[in-house]
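Accompanying notes for the structure given below.
Residue numbers (the numbering used here): 115 to 509.
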């Protein structure tokens, strides 16, 4: 298993293609089995030419990608300038199987999860999926719920294309095809392993509460008291530093497994607190939370985001340098979160200095928490790719 990655800046497509072709072929020595490509949205109007030429330049048997408002290479996060990021790989013994699901099918699947099997059926020994989707047409919360129900043991990593201002401007790529709606993806089958990190960049504050009354996305009672009273009590006990962090917003984590006795950072799905009803004390959140679930408030800032990512990377360093990696980072990270550029890349390179990696800044990131796949915001979703023993399950 061998990876190569690079990012190229500039507006000259021919020059970009030459640089990519030379780097990939020189380092791999042959055509790649798979390539993940991310042109910045500056190239969206020339997508058809770019995609067909990229496929030829890289020579990949399977190519997947999308446009992003910013792209991420192995050493730098490139924001607000034209660029293309690529990671390509030789994957001996691994089957890489592309697919796409159109908008109309996704809408039906989100409403009726068993319909997913009519539109997509991954091999039973699929190790993981990479999926990229159009934010205007793909109801990803419902779609991921369908994948969780129908293919519950298949982890998914990916993101929502970004940079488009209106429907029809998104560019999704699968091989030499450009698709403007729906989703595209690939399944990986065989001796390949993806260690997936979803860094939500938050830390918990206050106690864990049981939701005692709620309706849809409105929580009316936490442990028998109004959420507003719970927040006010929490504020009274906060130090000045945590009060300052509230300027970045208050978040709530819902436990993936509310029956788990001890809950830590990796056990919560982070969602935003949208507002407070001062009359009733209820809060609105960016998810549907049912009575009986357990929740905990969270805070976020640059230091917390960096610390959270480093904490999640640390145990993986025990297994040595991965062969390669895919990174899907929120478009609210980068210099919108960190004071200096390359915040997430620098954290990753602190553990894996020579890692071949590419990705982009997403309008929503896909990754598993607690064994289920979700659409996130403000996260860094990272797949560390390594060889693995062949799956013993029969095909």
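Virtual Cβ for every residue (Gly too), placed ideally from N, Cα, C.
For residue j and residue i, the rounded distance between their alpha carbons
{"i": "residue 462", "j": "residue 424", "result": "7 Å"}
{"i": "residue 278", "j": "residue 221", "result": "21 Å"}
{"i": "residue 267", "j": "residue 484", "result": "11 Å"}
{"i": "residue 275", "j": "residue 408", "result": "32 Å"}
{"i": "residue 298", "j": "residue 343", "result": "45 Å"}
{"i": "residue 383", "j": "residue 493", "result": "11 Å"}
{"i": "residue 385", "j": "residue 140", "result": "44 Å"}
{"i": "residue 244", "j": "residue 233", "result": "17 Å"}
{"i": "residue 508", "j": "residue 242", "result": "Confidence is the limiting factor: at residue 508 the pLDDT is only 48, short of 50, which leaves the residue's position unreliable, though a coordinate-based value still follows. When rounded, the distance between both Cα atoms is 17 Å."}
{"i": "residue 321", "j": "residue 417", "result": "22 Å"}
{"i": "residue 360", "j": "residue 448", "result": "20 Å"}
{"i": "residue 489", "j": "residue 247", "result": "11 Å"}
{"i": "residue 270", "j": "residue 257", "result": "12 Å"}
{"i": "residue 153", "j": "residue 399", "result": "34 Å"}
{"i": "residue 413", "j": "residue 451", "result": "13 Å"}
{"i": "residue 282", "j": "residue 479", "result": "20 Å"}
{"i": "residue 295", "j": "residue 338", "result": "45 Å"}
{"i": "residue 329", "j": "residue 372", "result": "18 Å"}
{"i": "residue 457", "j": "residue 142", "result": "29 Å"}
{"i": "residue 217", "j": "residue 434", "result": "41 Å"}
{"i": "residue 240", "j": "residue 213", "result": "13 Å"}
{"i": "residue 347", "j": "residue 374", "result": "25 Å"}
{"i": "residue 156", "j": "residue 379", "result": "37 Å"}
{"i": "residue 249", "j": "residue 151", "result": "18 Å"}
Neighbourhood of residue i by C-beta distance below 6 Å, restricted to the same chain and skipping five residues each side
{"i": "residue 260", "result": "223, 227 and 230"}
{"i": "residue 426", "result": "311 and 313"}
{"i": "residue 255", "result": "489"}
{"i": "residue 132", "result": "none"}
Bridge partner(s) assigned by DSSP for residue i
{"i": "residue 123", "result": "197"}
{"i": "residue 184", "result": "193"}
{"i": "residue 408", "result": "324"}
{"i": "residue 307", "result": "500"}
{"i": "residue 130", "result": "Looking at the DSSP assignment, residue 130 forms no beta bridge with any residue, so it has no partner."}
{"i": "residue 240", "result": "303"}
{"i": "residue 479", "result": "273 and 490"}
{"i": "residue 152", "result": "199"}
{"i": "residue 339", "result": "336"}
{"i": "residue 437", "result": "Answer is none; residue 437 lacks a bridge partner."}
{"i": "residue 370", "result": "In the DSSP output, where bridge partners are listed per residue, residue 370 has none listed."}
{"i": "residue 213", "result": "299"}
{"i": "residue 429", "result": "Note: residue 429 sits in no beta bridge, so no partner."}
{"i": "residue 204", "result": "116"}
{"i": "residue 383", "result": "368"}
Spatial neighbours of residue i in its chain, beta-carbon cut-off 8 Å, leaving aside the 5 residues before and after
{"i": "residue 162", "result": "292"}
{"i": "residue 368", "result": "382, 383, 385, 401, 403, 407, 408 and 409"}
{"i": "residue 134", "result": "120, 122, 168, 171, 172, 198 and 200"}
{"i": "residue 351", "result": "320"}
{"i": "residue 431", "result": "465 and 466"}
{"i": "residue 377", "result": "322, 369, 408 and 410"}
Residue i and residue j closer than 9 Å at C-beta
{"i": "residue 366", "j": "residue 482", "result": "no"}
{"i": "residue 199", "j": "residue 472", "result": "yes"}
{"i": "residue 208", "j": "residue 302", "result": "yes"}
{"i": "residue 186", "j": "residue 475", "result": "yes"}
{"i": "residue 354", "j": "residue 370", "result": "no"}
{"i": "residue 410", "j": "residue 319", "result": "yes"}
{"i": "residue 202", "j": "residue 146", "result": "yes"}
{"i": "residue 499", "j": "residue 406", "result": "no"}
{"i": "residue 305", "j": "residue 502", "result": "yes"}
{"i": "residue 340", "j": "residue 395", "result": "yes"}
{"i": "residue 167", "j": "residue 127", "result": "yes"}
{"i": "residue 336", "j": "residue 180", "result": "no"}
{"i": "residue 210", "j": "residue 175", "result": "yes"}
{"i": "residue 129", "j": "residue 455", "result": "no"}
{"i": "residue 149", "j": "residue 284", "result": "no"}
{"i": "residue 317", "j": "residue 453", "result": "no"}
{"i": "residue 204", "j": "residue 144", "result": "yes"}
{"i": "residue 345", "j": "residue 300", "result": "no"}
{"i": "residue 443", "j": "residue 495", "result": "yes"}
Cβ separation of residue i and residue j, assumed to be a contact under 8 Å, to the nearest whole Å
{"i": "residue 288", "j": "residue 441", "result": "About 20 Å; that fails the 8 Å criterion."}
{"i": "residue 184", "j": "residue 445", "result": "7 Å"}
{"i": "residue 115", "j": "residue 206", "result": "7 Å"}
{"i": "residue 357", "j": "residue 349", "result": "7 Å"}
{"i": "residue 487", "j": "residue 401", "result": "The pair is not a contact, with the Cβ atoms about 15 Å apart (cut-off 8 Å)."}
{"i": "residue 388", "j": "residue 436", "result": "Not quite, the Cβ-Cβ distance comes to about 37 Å (not below 8 Å), so this is no contact."}
{"i": "residue 290", "j": "residue 138", "result": "Rounded, the Cβ-Cβ distance is 16 Å, inconsistent with contact."}
{"i": "residue 315", "j": "residue 419", "result": "3 Å"}
Other residues of its chain near residue i: CB distance less than 7 Å, five sequence neighbours each side excluded
{"i": "residue 459", "result": "186, 189, 190 and 191"}
{"i": "residue 265", "result": "236"}
{"i": "residue 262", "result": "486 and 487"}
{"i": "residue 326", "result": "335, 336, 337, 338 and 405"}
{"i": "residue 333", "result": "325, 341, 396, 397, 399 and 403"}
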